[in-house]
Amino acid sequence: MCVREHNYWLTTVAMPTPDAAYPLPDSVEVAVIGAGYTGLSAARTLAKNNARVAVLEAETIGWGASSRNGGMVLTGLKLGVNKLISMYGRERTQRMYAASLASIDCVEQIVGEEAIECSFSRCGHLEVACKQKHGSDRPRIQPSPANRA
């Protein structure tokens, strides 16, 4: 078996040329460190609310994890539902999950507002368990009363 020890993304796309360094303003209201998804989203929101913002990035825009994903926007949280409920309670866990659902609406809205050409589509999400422990934290699918034999 051939095992590649190089980052797939770095070997399949041309690396961007470093952006020209722009002179820094004398002052800003907010300096955002990092031009990944989180930093750019924060800067965009602040700028839309008339804040004077500067984004500072050590590499290139989107460097790091923001440029190395498969382009999927998924719901859910890293920890399993049962763990979240034990840590935060059922009501807060439900609110956290609802926020993860709303994040997809937010991405879709930004794509539309900014006319981003990215082939955004809502095509579903399938989560499977590939280990026994993965299944232990998932809700069980119950047949509806109408489908019970």
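Here the numbering used here is used: position 59 in the sequence shown is 186, and no number is missing along the way. Note that the Cβ used here is the ideal one computed from N, Cα and C, for glycine as well. Keep in mind that this is a model prediction, so the values were computed, not measured.
DSSP bridge partner residues for Ile160 (one or two, in chain order): As a first step, residue 160 must be located in the sequence shown, where it is residue number 33. Paired residue(s): Leu183.
In whole angstroms, what is the alpha-carbon distance linking Ser246 and Val238? For this step, residue 246 is matched to residue 119 along the sequence shown. For this step, residue 238 is matched to residue 111 along the sequence shown. If you draw a straight line from the Cα of Ser246 to the Cα of Val238, it is about 9 Å long.
With Pro93 and Thr187 assumed to form a contact (beta carbons below 8 Å), what rounded beta-carbon distance in angstroms separates them? The structure shown has nothing for residue 93, since the chain only spans 128 to 276.
Under 8 Å by Cβ, that's how I've got Ala170 and Val180 pegged, so tell me the actual separation to the nearest angstrom. Within the sequence shown, the letter at position 43 stands for residue 170. Within the sequence shown, the letter at position 53 stands for residue 180. Their Cβ separation, rounded to whole angstroms, is 5 Å, which keeps Ala170 and Val180 in contact under 8 Å.
Pairing CB atoms from the segment 191-198 with CB atoms from the segment 207-223, are three or more of them under 8 Å? The answer is no - the segment 207-223 does not touch the segment 191-198, with fewer than three Cβ pairs under 8 Å.
Pick out whichever of Ala256, Val182, Val234, Gln259 has its Cα sitting closest to the Cα of Arg249. Walking along the sequence shown from the start, residue 249 turns up at place 122. If we check each option's Cα against that of Arg249, Val234 comes out closest.
Under a Cβ-count criterion, where at least 16 other Cβ atoms within 10 Å of its own Cβ denotes burial, should Ala162 be classed as buried or exposed? In the sequence shown, the residue the question calls residue 162 occupies position 35. Buried is the call here.
Sub-8 Å separation of Val159 and Gly166 beta-carbons: What you label residue 159 is simply residue 32 of the sequence shown in a count that begins at 1. What you label residue 166 is simply residue 39 of the sequence shown in a count that begins at 1. Yes. Within cutoff.
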